[in-house]
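Residue numbers (my numbering), protein chains in the order written: chain Z, 13 to 160; chain U, 13 to 160.
Built from N, CA and C at the ideal position, the CB exists for glycine as well.
Please read all numbers here as calculations on a predicted model, not as lab measurements.
The structure appears below as C-alpha cells.
Number of protein chains: 2
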Amino acid sequence: MPLTRHKSAGYMTNWAARLFARVIDRKLKPLALGSGYLPVFFALSDGGSRTQKELALGADIEQPTMAATLNRMDRDGLIIREKDQNDRRITHIRLSDSALAHAAQIKTIVDQVNETALSGLNSQERQVFLEALTKVTAALSQADDPSK
Amino acid sequence: MPLTRHKSAGYMTNWAARLFARVIDRKLKPLALGSGYLPVFFALSDGGSRTQKELALGADIEQPTMAATLNRMDRDGLIIREKDQNDRRITHIRLSDSALAHAAQIKTIVDQVNETALSGLNSQERQVFLEALTKVTAALSQADDPSK
DNA sequence: GGTAAATGCATAGCTTGCTATGTAATATAT
DNA sequence: ATATATTACATAGCAAGCTATGCATTTACC
Chain Z
13 MPLTRHKSAG YMTNWAARLF ARVIDRKLKP LALGSGYLPV FFALSDGGSR
63 TQKELALGAD IEQPTMAATL NRMDRDGLII REKDQNDRRI THIRLSDSAL
113 AHAAQIKTIV DQVNETALSG LNSQERQVFL EALTKVTAAL SQADDPSK
Chain U
13 MPLTRHKSAG YMTNWAARLF ARVIDRKLKP LALGSGYLPV FFALSDGGSR
63 TQKELALGAD IEQPTMAATL NRMDRDGLII REKDQNDRRI THIRLSDSAL
113 AHAAQIKTIV DQVNETALSG LNSQERQVFL EALTKVTAAL SQADDPSK
C-alpha cells in the first residue's frame, strides 16, 4: 500500500528547511555551533552590539526564542552582555573575540551549503525561487498578523 | 545602526517554513491539533493502517521524531495502535474514528493556507517554485547522505 | 541449533521554535 | 505626584525536530 504523500508548498518548504538545518548543523558541529546561532553571528559580525530586541527583529523570531538562543551562546562563550547605563532594562550584546574570529569561516560554510542547495537551478530559476520565497513570507506574515 | 540581514536561500526557506507552521498551527488550534500531525493524517486518511517506519519514511522524518508525534496523537485520542500478530516488533497505526471524521476539514484548512501563501505567484511562478523546492531537497538530501 | 546481523521501536537528551505570562524599569497621563 | 502604559527582558511549558543509544524480536548464516 503506497503512501500518498501530500507534497504541498508548505510540506516541501518545511522539508527543505529541515534539510538546510541538518546539513548546516553537521558542518558547524566541529566548531561547536548550531544553525540557530547564525542570525546572531551575521547581525553582530561587524563587531558592534545590538539589543536583544534588535536581534530578534532582525532574525524574525520571537523574543523568548532569541533569549534562549543568547543563553546558549553565552554558555558557549560566544557573546558578551553589557547592561545599558541609562536604561537598565536594556542589555547590549556583542560577539566575544573568539567568536568574532570565526565569523568569516562560518560565512564560508553557509555560502557553500546555499550553493550546494541551489546547484540544480540556473540563475533565472534561482531568482524566481528567491523572489517566490519573499512573496510567500510576505503573504504568510500578512495572514499571521493582518495589521502589518 | 541597521541590521545587515543575511537573506540567503537557507534563511528564507527557514523563515517561510516557520510562518507556514505558525499560520497552520493557529488554524488547527481550535481542533486541538498541531502541524506535526499533518503527515500522519494524510498518510492515514484513507482509513488504512501503516507501521511507524512507513509513516516516518513517508513524512521524511527520523524514527524517534515520528515516535514522539505518535505518542502525542495517542495521548490526544487520534490514533489506534495494534501489535502485529506475526511479528511482535511491528505496530500498526490507524486513525481513530473521530480523527478520521476530521480529515476532510483538515485538508481544506491546509489547502487554504497553501493558497494564501502562493497568492502572490502566477501559475508559472508557482510551478518554478515547487520544482525548485524539489531540486533543493534533492540536492540537500544528497549532501546529507551521499550514498543516496 | 546457536550465534550474529538486521530490524522495529523506545528512551534520553539536546536545539530551535512557539505562546502565555511575570517582573522590573521607564514613560505617559491626569 | 501618582496611577497607568509601555517597554525590555525573563521564565515556564510545550511542540517538533535531531542524534545517539538501548532492547526485543526476527532473520540469516555456519
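Backbone CA spacing between residue i and residue j [nearest angstrom]
i, j, result
"Thr63 of chain Z", "Asp123 of chain Z", "26 Å"
"Val140 of chain Z", "Gln136 of chain U", "10 Å"
"Leu15 of chain U", "Thr128 of chain U", "With a pLDDT of 37 at Leu15 of chain U, under the threshold of 50, the modelled position of that residue is not reliable, and the figure given next carries that caveat. Between Leu15 of chain U and Thr128 of chain U, the C-alpha separation is close to 29 Å."
"Ile36 of chain Z", "Val125 of chain Z", "7 Å"
"Leu82 of chain Z", "Leu82 of chain U", "32 Å"
"Lys3 of chain Z", "His104 of chain Z", "This structure cannot settle anything about residue 3 of chain Z, because the visible part of chain Z is limited to 13 through 160."
"Gln97 of chain Z", "Gly60 of chain Z", "17 Å"
"Met13 of chain U", "Asp72 of chain Z", "The predicted model places Met13 of chain U with a pLDDT of 37, which falls under 50 and marks its position as unreliable, so this point remains unresolved."
"Met80 of chain Z", "Asp99 of chain U", "Checking the sequence shown, residue 80 of chain Z turns out to be Ala, not Met. Rounded to whole angstroms, Ala80 of chain Z to Asp99 of chain U spans 44 Å at the Cα level."
"Ala68 of chain U", "Gln75 of chain U", "6 Å"
"Arg93 of chain U", "Phe53 of chain U", "14 Å"
"Arg189 of chain Z", "Tyr23 of chain U", "Since the displayed chain Z opens at 13 and closes at 160, residue 189 of chain Z lies outside it and no answer follows."
"Asp156 of chain Z", "Lys119 of chain Z", "31 Å"
"Arg17 of chain Z", "Leu45 of chain U", "For Arg17 of chain Z, the predicted model reports a pLDDT of 44, less than 50, meaning its position is unreliable and no value from the coordinates is stated."
"Asp58 of chain Z", "Leu43 of chain Z", "20 Å"
"Gln117 of chain U", "Ala55 of chain U", "15 Å"
"Ala33 of chain U", "Gly132 of chain Z", "27 Å"
"Val142 of chain U", "Ser153 of chain U", "In the sequence on display, residue 142 of chain U carries Leu and not Val. Leu142 of chain U and Ser153 of chain U: Cα-Cα distance of roughly 16 Å."
"Arg38 of chain U", "Ala151 of chain Z", "16 Å"
"Lys19 of chain Z", "Lys95 of chain Z", "48 Å"
"Asn134 of chain Z", "Asn134 of chain U", "20 Å"
"Gly70 of chain Z", "Arg84 of chain Z", "18 Å"
Distance CB(residue i)-CB(residue j) smaller than 8 Å
i, j, result
"Ala21 of chain Z", "Val148 of chain U", "no"
"Ile121 of chain Z", "Leu40 of chain Z", "yes"
"Leu145 of chain Z", "Arg138 of chain Z", "no"
"Thr25 of chain U", "Thr25 of chain Z", "yes"
Below 8 Å, how does it come out for the region 103-115 of chain Z and the region 101-116 of chain U: are there three or more Cβ pairs, yes or no?
no
Pairing CB atoms from the region 35-54 of chain U with CB atoms from the region 83-95 of chain U, are three or more of them under 8 Å?
yes
May I ask you to list, following chain order, the residues of the region 144-157 of chain Z that have a beta carbon less than 8 Å from some beta carbon of chain U?
Flagged, chain order: Ala144, Leu145, Thr146, Lys147, Val148, Thr149, Ala150, Ala151, Leu152, Ser153, Ala155 and Asp156.
Taking a Cβ distance cut-off of 7 Å, strictly less, list which residues of the region 118-145 of chain Z are near chain U, in chain order.
Val122, Val125, Asn126, Thr128, Ala129, Leu130, Ser131, Gly132, Leu133, Glu137, Val140, Phe141, Leu142, Ala144 and Leu145
For the region 79-110 of chain U, list every residue whose C-beta sits within 9 Å of some C-beta in chain Z, in sequence order.
Shown here is that no member of the region 79-110 of chain U has a Cβ falling below 9 Å from a Cβ of chain Z.
With 9 Å as the C-beta to C-beta threshold (strictly closer), list the residues of the region 29-49 of chain U near chain Z in chain order.
Ala29, Arg30, Leu31, Phe32, Ala33, Arg34, Val35, Ile36, Arg38 and Ser47
What ranges does the alpha helix (DSSP H) occupy inside the region 91-143 of chain Z, keeping only unbroken runs of at least 4 residues that lie completely in it?
109-129
Which ranges would you report for the beta strand (DSSP E) in the region 33-90 of chain U if only whole runs of at least 3 residues count?
Whole beta strand (DSSP E) segments, 3+ residues: zero.
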